[in-house]
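Structure first, commentary second.
There are 4 protein chains.
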Amino acid sequence: MIIQIAADCEEAQLDRIKSEVQAIGYEGTDIETQFGKYIIAIGKKQFDIRRIGSMEGIKDIHRVSDAYKLVSAKWKVGETKVKIGEDLFIGDGHFQMMAGPCSIESEEQIESTVKHLVNNGIKIMRGGVYKPRSSPYSFRGLGIEGLKLWYQTCREHGIKIVTEVMQVSQIEPMHDYIDIFQVGARNSQNFNLLDELGKVDKPILLKRGISGTMNELLQAAEYIFSNGNERIMLCERGIRTYEGAYRNTMDLNAIAMLKEKTHLPVVADPSHGIGVRRFVPQIALASVMAGADALIVEVHESPEKAFSDGQQTLSYREAEALYENVRKTIKLRGELV
Amino acid sequence: MIIQIAADCEEAQLDRIKSEVQAIGYEGTDIETQFGKYIIAIGKKQFDIRRIGSMEGIKDIHRVSDAYKLVSAKWKVGETKVKIGEDLFIGDGHFQMMAGPCSIESEEQIESTVKHLVNNGIKIMRGGVYKPRSSPYSFRGLGIEGLKLWYQTCREHGIKIVTEVMQVSQIEPMHDYIDIFQVGARNSQNFNLLDELGKVDKPILLKRGISGTMNELLQAAEYIFSNGNERIMLCERGIRTYEGAYRNTMDLNAIAMLKEKTHLPVVADPSHGIGVRRFVPQIALASVMAGADALIVEVHESPEKAFSDGQQTLSYREAEALYENVRKTIKLRGELV
Amino acid sequence: MIIQIAADCEEAQLDRIKSEVQAIGYEGTDIETQFGKYIIAIGKKQFDIRRIGSMEGIKDIHRVSDAYKLVSAKWKVGETKVKIGEDLFIGDGHFQMMAGPCSIESEEQIESTVKHLVNNGIKIMRGGVYKPRSSPYSFRGLGIEGLKLWYQTCREHGIKIVTEVMQVSQIEPMHDYIDIFQVGARNSQNFNLLDELGKVDKPILLKRGISGTMNELLQAAEYIFSNGNERIMLCERGIRTYEGAYRNTMDLNAIAMLKEKTHLPVVADPSHGIGVRRFVPQIALASVMAGADALIVEVHESPEKAFSDGQQTLSYREAEALYENVRKTIKLRGELV
Amino acid sequence: MIIQIAADCEEAQLDRIKSEVQAIGYEGTDIETQFGKYIIAIGKKQFDIRRIGSMEGIKDIHRVSDAYKLVSAKWKVGETKVKIGEDLFIGDGHFQMMAGPCSIESEEQIESTVKHLVNNGIKIMRGGVYKPRSSPYSFRGLGIEGLKLWYQTCREHGIKIVTEVMQVSQIEPMHDYIDIFQVGARNSQNFNLLDELGKVDKPILLKRGISGTMNELLQAAEYIFSNGNERIMLCERGIRTYEGAYRNTMDLNAIAMLKEKTHLPVVADPSHGIGVRRFVPQIALASVMAGADALIVEVHESPEKAFSDGQQTLSYREAEALYENVRKTIKLRGELV
């Protein structure tokens, strides 16, 4: 059960509400986000919801039987629009493309990419400065210095930054240089990281785990939300299956279903979703038709020279065709019956 | 290696070709289809391809290193257009929708569905008269009598029939009453059935196995082709994964990849691909964008009363919206850069 | 609900039972096997089970809510002992090993293998004469002539034969030359084949599908049982997972669980279960500890020269060590607390 | 390539070795562990290994083409014996059982469990004080205070502690109160955590990821080793598959294969591996036969009252039977041919 607390709820009213929750044998958790206050009350006993619902200081009350509560679509009216920057939103009809390399490699690469994005009207740049790598002997990213360099160029051109944070201790140093914290697939259930990202005033792009379920993804988002941060986007990036013909199996079912289960925006990552460059555009467009609110795509001036993920990275020319096709597809999507 | 035999190749020339194949230490398999003659030569030794390529009686010769040969896109120029009926094709730019119930249930149901299809310009009706059911105690279809009934109504209205054949002994009795033999997911590697369908002069709709790989699907198609039948369509219908939130996980990657690996048309079955009625339209449209040449969709006048698969079956109203949206999406697909 | 019909039930009594089943709104299916008569009554209405249970002509009556009925352990007292031959049983404490090559290749191979088995006290020989192969260009077995050759040598030495049947039309010609019909993983849901094997008076070794569930395997067995054949053994042979380090992932959980869910014997196939020769013995012994009633193992005089599956086939020397270790493990299993 | 540095290698010799590595175009990484010094040299160029191998200051040199190096069995003679405490080892013939509750719940529970362990000769107690939970509203463990309580009782009775560490900041506070740091399945690729655990002088129990591959697990171990900690144990705890009949699918293939691929000990966790109490013993014994060097099992005085995982937790009585059976099985394993 979600109890939405009214903005003008007084301390004494709040105490009475909590007492009542206890009285009916429920366990209450206090939640305070950027946008509101809630009590999540968990329990199994039958009781008359009006008994609590009519109390002073309550804005609304909702039964949500899902394992996740605040991220559920069952209580919130409409879809969530996540603010990325001034006049820049994702969700609730606001579609964005994010593009950039797998790894931030050099100043030249940053400048080249930013120019490509600006030329094509793309407002958010992706890239990694901390790279989770299977092997300890692989390139692990340029780190915070790379991020600062990247930040400078992006700020000059009004480009926002989305990049992966891998551990709690990176949050603070990264904070001022990024616009969206990305949680990678391998950290999708790194609960301590999720807790801390819930206390941050930046949007979060939360990737589905390598074999994450719908429920696990939504509960991971609940960690962030319940710690105070409502600005969450979920990202489908392909799952691990028996099929070895592609790196991952993009799960478009997930996009269609998430759009119903949650009010949060859903982002598609076709680059990881199939992992083969020449098929990324089809999967990107398919993701749009399945309902995605945004796309995140790997792009590089010379994919074959990229430090990582070159095999799934689009060249600028390929990306430009994709941007145009995505825009046409978004337009069509708005015209469907 | 595929050796395409010239139409005017004489017996003696053919013998010399076969001798030469043997001479280089390769094992040759003779193939004769509705449309041509081929020798598939399998071996590992190095040899000068011109030695065979220049022989009389040969139209062309192709190295194909895939596990499948004749269904590979590597040798055939262009995509295959499968003829379903007079002026009715699937593949190579010809897009079709197939719709109908999971099971053929009654004369009333047939008539209602046919009317729905005719009204909406749909030319192929799906339906099952032999139903593979997990339990022996479930409804297993109306059988051949149901098929005859169905056939009659369809013929009157110019509707083609696609329906599942489950075993070799059904091929002959079904033959005159169907237009496309469907091979179900559970029979995707029923090699005896595939062999026999290779000898039949009707198109085949071959579904991917429940956990079939790309290679297995293409090799299953090779069984049909190598027995003489080139009119094959492959069907993605969702695979089995760890995710229990939907019946299957529709694998759009497969559609994008099959379109490159094979010259055969690729059909999408979003009904089984997600298995939840209200998400079928999104997955259908996504499949179109991923490159599908056709759609096969479950439709019923009253889905909740359907003998089987009701939970994934569209009502007429839902289907009509889908048909219209698919047509718009196909149009857009033709306009992409 | 399973209604066990008494051996001396008269026609008129049976009719009254059927009428009563109908009267309570249940759908009844008549089953007659080698060992008994049953009515499977399916329905959802509440009724007093004593109303039927007390009727004349009934031996016993059991509520079984599983999707499978007659193969469930819920109604039958004790485990099923499948008779393979005079004094040769599998199940209910009777453990057997089955060994032999993947494919029957030649008379010499047969004789060598039979000698190996006789020397080691193994009484059942496995081997394939009809081979399901992913590619139509692979060796597909020696067929019925190979089987007759094999049969002759086995009969001379008192060795029983287990071999795969791939389609209905093979059942009759194979029948007199085999002792156990094996249903392969790809045919695990070939329902027509299962139906027909239910009418045969030979034991059936039913393999789990490549990604078959517990429920599917048990319902597949139900097809055989409900058509009249109670002599069924289930076989775990590894499932398809994301892990590519081995051919399949042997699922020992399945063995432990099947031993509880069904009264049928459970056979382990470690050769396919891991698909790597040098690990087959450990998996074989693990399978015994998980509860297997029998083992089926691939053995060849020269595994590296085998026509198929050489990489997972034991040499005679490796097999002999395994037989001895299995016997010790079986002995220990009997002594556990 | 692994270059083992001799114990008496002088600074100047080491510099010459590094120069030589660079000279052949390889990238060298310096490793220093509790037990030795190594240089991991990664590159692709051909060179004469003797050129480096004969240099002074080198103990030995090994080509290891796997993605993981120092954890590979290809270079190290014999199996690794991990020291847990005075006269307490795991690996290289030293078998141990670890048992205890999923969560540490109370002083009474600790005392009861310790008594149970002491009575049964079990020397390592498992339990969680930091619990990774899918939902933020679930019980997340007693934390460091719980650990201190637990530690006290264990020290009094000579019981060692294995417990999960979830993030870098917990390492230091936990360090003095634990004997083995456990890395949970969800953190199996939390590379920052692995890095830091490589700098710790305590053994690590590293669990396979929820859908982790052999390669990923071994490379995760390589993170720990290459940061300086050789005392690593790998743990198979079941993987995620399509089969929903059990919580996870215990992968015994992994145990057999890991025993060959790495010199590190392999631990089996049958409790999570199947997730159903009454099947845990069979899977535990099967794991021993597959080659496990240790078992970790969930045990609770009253499983049905456990805060978490009760459904897969053994009662004391069940556990006692298991301990005895495991001992018999270990004895048999030593007697196999």
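Chains as they are written, first to last, in our numbering: chain A, 1 to 337; chain B, 1001 to 1337; chain C, 2001 to 2337; chain D, 3001 to 3337.
Even glycine gets a Cβ: it sits at the ideal position worked out from N, Cα and C.
Fair warning: this is a prediction, and the values are worked out from it, not measured in the lab.
Measuring only the C-alpha atoms, how far is residue i from residue j?
{"i": "D:Gly-3128", "j": "D:Glu-3236", "result": "18 Å"}
{"i": "C:Asn-2190", "j": "B:Gly-1036", "result": "33 Å"}
{"i": "D:Glu-3032", "j": "A:Ile-2", "result": "53 Å"}
{"i": "D:Glu-3216", "j": "C:Tyr-2246", "result": "15 Å"}
{"i": "C:Glu-2222", "j": "B:Ser-1211", "result": "23 Å"}
{"i": "C:Ser-2106", "j": "C:Thr-2163", "result": "16 Å"}
{"i": "C:Ala-2099", "j": "B:Gly-1291", "result": "48 Å"}
{"i": "C:Glu-2011", "j": "C:Glu-2056", "result": "11 Å"}
{"i": "C:Ala-2041", "j": "A:Ser-226", "result": "51 Å"}
{"i": "C:Lys-2259", "j": "B:Met-1174", "result": "42 Å"}
{"i": "C:Leu-1986", "j": "C:Glu-2027", "result": "The question about residue 1986 of chain C has no answer here: the residues shown for chain C are numbered 2001 through 2337."}
{"i": "D:Val-3095", "j": "A:Gln-96", "result": "According to the sequence shown, residue 3095 of chain D is Phe rather than Val. The straight-line gap from Cα to Cα measures roughly 56 Å."}
{"i": "A:Asn-229", "j": "B:Leu-1088", "result": "55 Å"}
{"i": "A:Leu-332", "j": "B:Asp-1293", "result": "20 Å"}
{"i": "C:Ala-2073", "j": "B:Glu-1243", "result": "29 Å"}
{"i": "D:Thr-3213", "j": "B:Gly-1334", "result": "41 Å"}
For residue i, which three-state DSSP category applies?
{"i": "C:Tyr-2151", "result": "helix"}
{"i": "C:Asp-2030", "result": "strand"}
{"i": "A:Gln-167", "result": "coil"}
{"i": "C:Val-2276", "result": "coil"}
{"i": "A:Ile-17", "result": "helix"}
{"i": "C:Val-2267", "result": "strand"}
{"i": "C:Ala-2339", "result": "Since the first residue shown for chain C is 2001 and the last is 2337, residue 2339 of chain C is missing from the structure and cannot be characterised."}
{"i": "C:Thr-2241", "result": "coil"}
{"i": "A:Glu-301", "result": "coil"}
{"i": "A:Met-1", "result": "coil"}
Is the distance from the Cβ of residue i to the Cβ of residue j below 9 Å?
{"i": "A:Met-289", "j": "B:Thr-1329", "result": "yes"}
{"i": "A:Ile-84", "j": "A:Tyr-323", "result": "no"}
{"i": "D:Val-3297", "j": "D:Ala-3284", "result": "yes"}
{"i": "B:Ile-1090", "j": "B:Val-1082", "result": "yes"}
{"i": "A:Gln-167", "j": "A:Leu-205", "result": "no"}
{"i": "A:Met-125", "j": "A:Lys-148", "result": "no"}
{"i": "A:Val-200", "j": "A:Val-183", "result": "no"}
{"i": "A:Asp-179", "j": "A:Lys-202", "result": "yes"}
{"i": "D:Ile-3039", "j": "D:Ile-3017", "result": "yes"}
Counting only the same chain and skipping the five closest in sequence on each side, list residues whose C-beta sits under 6 Å from that of residue i.
{"i": "D:Ile-2946", "result": "Because chain D spans 3001 through 3337 in this model, residue 2946 of chain D falls outside it and cannot be assessed."}
{"i": "C:Pro-2303", "result": "Gly-2310, Thr-2313 and Ser-2315"}
{"i": "A:Trp-75", "result": "Ile-2, His-62 and Val-64"}
{"i": "A:Ile-5", "result": "Lys-37"}
Once you ignore the five residues that flank residue i on each side, which residues in its own chain have a CB closer than 8 Å to its CB?
{"i": "D:Gly-3143", "result": "Val-3129 and Tyr-3130"}
{"i": "C:Ser-2287", "result": "Glu-2236, Met-2250, Leu-2252, Ile-2255, Ala-2268, Pro-2270, Gly-2273 and Leu-2295"}
{"i": "A:Gln-219", "result": "Ala-67 and Tyr-68"}
{"i": "B:Phe-1139", "result": "Ser-1103, Lys-1131, Arg-1133, Phe-1307 and Ser-1308"}
{"i": "A:Gly-141", "result": "Ser-103, Ile-104, Gly-128, Val-129, Tyr-130 and Lys-131"}
Who are the Cβ neighbours of residue i in its own chain at under 7 Å, not counting the five residues just before and after it?
{"i": "C:Thr-2153", "result": "Ile-2110, Glu-2111 and Val-2114"}
{"i": "C:Gly-2053", "result": "Ile-2061"}
{"i": "C:Lys-2059", "result": "Gln-2004, Ile-2005 and Ala-2006"}
{"i": "A:Gly-158", "result": "none"}
Would you mind listing the beta strand (DSSP E) stretches within the region 1045-1132 of chain B that are 3+ residues and don't spill past its ends, in chain order?
1058-1062, 1082-1085, 1088-1090, 1096-1100 and 1124-1126
I'd like the ranges of any alpha helix (DSSP H) spanning at least 4 consecutive residues and lying wholly in the region 189-225 of chain A.
191-197
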